[in-house]
Amino acid sequence: MILIESLIGGFYFYFVQQLIFLIRFGRFNSIVNQLDLSLYIIGAVAIFTLLKLLSGKNKRQQAVLLGVFIVAQPLAIIGALAGGQLGLIPIIIFGLAPILALLLIANLIVKKLK
Numbered sequence: 005m006i007l008i009e010s011l012i013g014g015f016y017f018y019f020v021q022q023l024i025f026l027i028r029f030g031r032f033n034s035i036v037n038q039l040d041l042s043l044y045i046i047g048a049v050a051i052f053t054l055l056k057l058l059s060g061k062n063k064r065q066q067a068v069l070l071g072v073f074i075v076a077q078p079l080a081i082i083g084a085l086a087g088g089q090l091g092l093i094p095i096i097i098f099g100l101a102p103i104l105a106l107l108l109i110a111n112l113i114v115k116k117l118k
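Using our numbering, the first residue of the sequence shown is number 5, and each one after it goes up by one.
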């Protein structure tokens with residue numbers, strides 16, 4: 005079930021990129037290419053990681069992890085946009101690194117919040 009939810013949730017990162025494009029240029033980006041697919045991959049992996057880390061945690065721990073996930077979003081978007089100048093793999097790496105790093109660090113911290 006987590007896999008299906010993360011595959012559906014992967015679209016959020018693509019939609020955020022579309023919103024940024026709309027704000028910057030006054031229109032939606034109507035061209036879909038492999039770089040847009042990388043945004044979907046970032047979103048799906050990020051949601052999958054979040055859902056895996058949330059399972060088995062109490063409400064307080066879940067709130068901390070969700071807060072960290074929300075805080076990591078702007079960093080991931082900036083990383084993905086910066087990686088866009090370098091190609092497909094850097095987009096995925098620079099987009100995922102902030103989310104995964106902060107979530108894994110937060111997971112280590114919330115284990116002590118029992």
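Every residue gets a Cβ at the ideal spot worked out from N, C-alpha and C, and that includes glycine.
**Study point:** Nonlocal neighbours in the same chain, by C-beta distance under 7 Å from Leu-26, ignoring five residues either side
**Key:** Within the same chain, Leu-26 has close Cβ partners Phe-32.
Review point. Are at least three pairs of beta-carbons, each pair with one atom in the segment 94–102 and one in the segment 54–69, less than 8 Å apart?
Key: No, they do not touch.
Review point. Between which two residues does the alpha helix (DSSP H) containing Gln-66 stretch?
Key: Where Gln-66 is concerned, the enclosing alpha helix (DSSP H) stretches over 63–87.
Practice item. Assign Val-75 to one of two classes, buried (16 or more other C-beta atoms within 10 Å of its C-beta) or exposed (fewer than that). Key: Taking every protein chain shown into account, the CB of Val-75 has fewer than 16 other CB atoms within 10 angstroms, so this residue is exposed.
Practice item. Using alpha carbons as the reference points, say which of Gln-89, Pro-94, Asn-111 lies closest to Lys-56. Key: When Gln-89, Pro-94, Asn-111 are compared, the shortest CA-CA separation from Lys-56 is found for Asn-111.
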